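In the numbering used here, the protein residues as written are 6 to 121. Built from N, CA and C at the ideal position, the CB exists for glycine as well. Every value quoted in this text rests on a predicted model; they were computed, and no experiment measured them. First the structure, in the form of structure tokens, and then the observations on it.
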Amino acid sequence: ANPGGIVSDIRALADITKEAGIPLIIDNTMATPYLCRPFEHGADIVVHSTTKFLSGHGNAMGGAVVDSGKFNWMKYPDKFPSLTKPEPAYHGLTFAETFGDLAFTLYGHAVGLRDL
């Protein structure tokens, strides 16, 4: 939660994460996609709460994870083995190699739903 309404410098955070070789994940719940578009400032993944501002009610909980598809998972194979190494449950498929820009999204769907 961000009760103080502090606005982070997304570009500065993006520069730090790029240098460290990790994706920048932004929680855009309070700003909403209308007021702030983190991808334009260097974010790799954006998380939204559909419960608050996107749906306008609190009678159902939900969220959305949006991947820009710009992070190069294969550049850092040891940091992200779930995406860059063969997945035994999927006959040795390597998500980043097979799906490229959609690797994170498809991994989230395939493995996340499989393990429910």
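Can you give me the start and stop residues for the beta strand (DSSP E) that residue 53 sits inside?
-> 50-54
Looking at the structure shown, is residue 66 part of a helix, part of a strand, or coil, going by DSSP?
-> coil
Length-filtered (3 minimum) beta strand (DSSP E) runs lying within the stretch 15-46 = 30-32
Take the Cβ of residue 50 as the centre, count every other Cβ of all protein chains shown within 10 Å, and call the residue buried at 16 or more, exposed below.
-> buried
Residue range of the alpha helix (DSSP H) that includes residue 102 = 100-104
Do residue 28 and residue 34 have their C-beta atoms closer together than 8 Å?
-> no
Residue 30 versus 55, 39, 75 and 48, residue with shortest Cα-Cα distance = 48
In its own chain, which residues sit with a C-beta less than 7 Å from the C-beta of residue 38, not counting the 5 before and 5 after it?
-> 53
Beta-carbon gap between residue 101 and residue 108 smaller than 8 Å = yes
Alpha carbon to alpha carbon, how far is residue 66 from residue 56?
-> 5 Å
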